[in-house]
Amino acid sequence: GEKEILPNERNKIKILYGTQTGKSKHFAENLSKDGTYKGYTCEVIDLKNYDPDEQLDNEGENTTCLVVFISTYTEGTPPEGAEWFVKWLEESASDFRVQKSLLSNLHYAVFGLGNSLYGENFNTVAKHVDHCLHKLSGHRILSVGLGDENVSQSSHKSLENDYVAWKRDFWKKLKEVNSVFASKDLKKNCKNEGQCNCQEEDTASENTGIESDDELQEDPADNEIVDVEDLGRVMGSGKTSTKLNPTKDEPAEMITPLIKKSLEKQGYKLIGTHSGVKLCRWTKSMLRGRGGCYKHTFYGIESHRCMETTPSLACANKCVFCWRHHTNPVGTEWRWKMDDAEFVFNGALQSHVALIKQFKGVPGVQPERFLEGLTPQHCALSLVGEPIMYPKINKFIDLLHDKGISTFMVTNAQFPDAIRDLSPVTQLYVSVDASTKDSLKKIDRPLFRDFWDRFLESLDALSAKNQRTVYRLTLVKAWNTEELDNYASLVSRGNPDFIEVKGVTYCGESKASNLTMENVPWHTEVVNFVQELVDRLDGDYEIAAEHEHSNCVLVANKKFLVDGKWWTWIDYPKFHSLMKRFKESGGEEKFSSDDYMAPTPDWAVFGAEERGFDPKEERHFRKKQKDV
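Numbering-wise (my numbering), the sequence shown opens with residue 87 and increments by one.
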């Protein structure tokens, strides 16, 4: 090809490759060689050495185009070394916390290497990478290339010829992209006060051949993926499935094969017919030494050793702030096929460890944290749904404790009998999302007709528990922030050890909820609300800690204030020792929250300059973004 005269600031191509046998690397180096001849500065990087979390959102600044060569390996998986790149893209594209305009400055092209003999797995990785980049507002300059090793089906009779044909189109499209950049630069530097042709309107789709959404065939993944809380909708529509229409004596399965396949594409590890595991963002953060979650600050858990799971994906509420848009299965009693507790426990542990293992060799992950993460020490029973609905929850909890894993159980205060019958856990939460019957109905939208009686009975049941208890309040501005006297009354009823107050997280637009960013309180507003609440609690409680990053504040009963120092942290070995004696004595040797408390470090205490961020960690600031 002929050499091109390029502006210095728009002459860079970054070429990434993920390879198993070396072919992707060969094509990447070939494209680089061609680009260099054409006057571009080309950089070739193996995906195993590329950190998308640090680099990808900056590529559009001074790079003409990002090119990805990637093969599809066994069972439709990425090649070794490229797993993290693909996983990061998947999670970023589906995470409501990640702005969908993240890659709006990026022009990109993807070429896949596969074999059509593998049927539905043909080039699935390249298609998915292309889809995720586009979903994050990246600009395709041409359709994803589908190289085929199967010569009988290859469009150009060989993988190499497929690449050559794609490369020819790539250079044509890139030349058009450069003409647009040149036109924009001309406009920017024009001194003719708009009297020249450079001011004529031109759009990317008209002048560069960049393919718009309308010109591209819809990615089939959009139709296949079903989120956890879409289970109910899918279950309702799959009327031809025998599993959804069991015999009279056979209960239905909560997770159908179709749902299982869809959810696994999003990173969920599903266990049996009704349970699931997913890796928390704070687990990933602490693996890299970038800080832990609020439970690390408030209670001393090690976030990289925390397993987030639920034995029940179903729930009895449809809360307006549900972070998964609350379209999951709902019910007031267990009516599905039930897996044994041992099966759920073993599956959760194995699945969690498998998720951690994916971080081996990922840039930034600390080796010692990675090894520790393979042995979870804590379990947050709060992934989604209502774990206390699972009829064998006590056995499941016993299995966790026998393994030396602490338990943080969250319930929505609609099952008082289950709370009364619940075995001791390390810390038991109830969600207290409103302080009156009307506001609770508006916010939690419970299924039970006697929801308010159940709510109050649940608080009564909580007050009878000897272990650590917590009220969890989610503040929704203009919904539940003006009923302080009623909240104070509820506190005196349940007498929790702690009260966690957190600003609602905006989960994006949803047909099932009319919350907007206007309903998200600032951290200062959360602190002010908490202080006003504490002033109404007769001097029994004080603000103990905060985690500014999570917009969360901890109020503690003053029995945890010992000689002027807070003891909100947990002595986990002591808890397990007490739990063992309780179990061996048949429940006769009881213990209370006072027996396994530990001192809170100074950096975690409310008012400290760290604002709840552990100084042993390294705070991560995204480039071009303010810290959040």
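Glycine included, each C-beta is placed from N, C-alpha and C at the ideal position.
Asked                                                                                                                                                                          : Found
Give the DSSP-derived three-state secondary structure of arginine 455 in the structure shown.                                                                                  : helix
Does the Cβ-Cβ distance between histidine 382 and threonine 369 come in under 7 Å?                                                                                             : no
Going by other Cβ atoms of all chains shown within 10 Å of its Cβ, with 16 needed for buried, is asparagine 209 buried or exposed?                                             : buried
Pull up the distance between the alpha-carbon of leucine 623 and that of asparagine 581, whole angstroms please.                                                               : 10 Å
Ignore the nearest five residues each way along the sequence and tell me which others in glutamate 161's own chain have a CB closer than 7 Å to its CB.                        : Asn207
Would you decide whether alanine 550 is buried or exposed? Buried here means 16 or more other CB atoms lie within 10 Å of its CB.                                              : exposed
Under 6 Å Cβ to Cβ from serine 492, same chain only, skipping five residues before and after it: list those, please.                                                           : His464, Thr512 and Tyr658
Once DSSP output is grouped into helix, strand and coil, what is the label at leucine 485?                                                                                     : helix
For phenylalanine 692, which residues from the same chain have a beta carbon less than 8 Å from its beta carbon, with the 5 sequence-adjacent residues on both sides left out? : Ile629, Ala630, Ala631, Glu632, Val639 and Leu640
Taking the C-alpha atoms as reference points, what is the distance between serine 229 and glutamate 394?                                                                       : 38 Å
Assuming glutamate 618 contacts arginine 697 under a Cβ cut-off of 8 Å, what Cβ separation, rounded to an integer in Å, is found between them?                                 : In fact, because the Cβ distance is near 20 Å, the residues do not count as touching under 8 Å.
Mind checking who aspartate 234 pairs with in its DSSP beta bridge?                                                                                                            : Gly200
According to DSSP, which residues form a beta bridge with tryptophan 655?                                                                                                      : Ala684
Go ahead and pull the three-state DSSP assignment for methionine 475.                                                                                                          : helix
Are the CB atoms of phenylalanine 537 and leucine 485 within a distance shorter than 7 Å?                                                                                      : no
Return the chain-ordered list of same chain residues with a C-beta closer than 6 Å to the C-beta of tryptophan 170, the five sequence neighbours on each side being excluded.  : Val448
Spatial neighbours of alanine 371 within its chain, please: C-beta separation below 6 Å, excluding the five flanking residues on both sides.                                   : The sequence shown places serine at residue 371, not alanine. So the qualifying residues of the chain are Gly377.
Which complete beta strand (DSSP E) runs does the region 347 to 401 hold, if anything under 3 residues is left out?                                                            : 355 to 357, 361 to 363 and 392 to 396
I need the boundaries of the beta strand (DSSP E) containing phenylalanine 584, first residue and last residue.                                                                : 584 to 589
Which complete beta strand (DSSP E) runs does the region 105 to 137 hold, if anything under 3 residues is left out?                                                            : 127 to 132
Among Arg540, Lys527 and Asp524, which has the Cα closest to the Cα of alanine 504?                                                                                            : Arg540
Any idea if proline 701 is buried or exposed, counting beta-carbon neighbours within 10 angstroms, 16 or more meaning buried?                                                  : exposed
Taking the alpha-carbon positions, what's the aspartate 519 to tyrosine 159 distance?                                                                                          : 47 Å
Report yes if the CB atom of phenylalanine 182 is closer than 7 Å to the CB atom of tyrosine 103, and no otherwise.                                                            : no
How far does the alpha helix (DSSP H) with valine 211 in it extend, from its first residue to its last?                                                                        : 210 to 221
Taking all protein chains shown into account, decide if lysine 355 is buried (16 or more other Cβ within 10 angstroms of its Cβ) or exposed.                                   : buried
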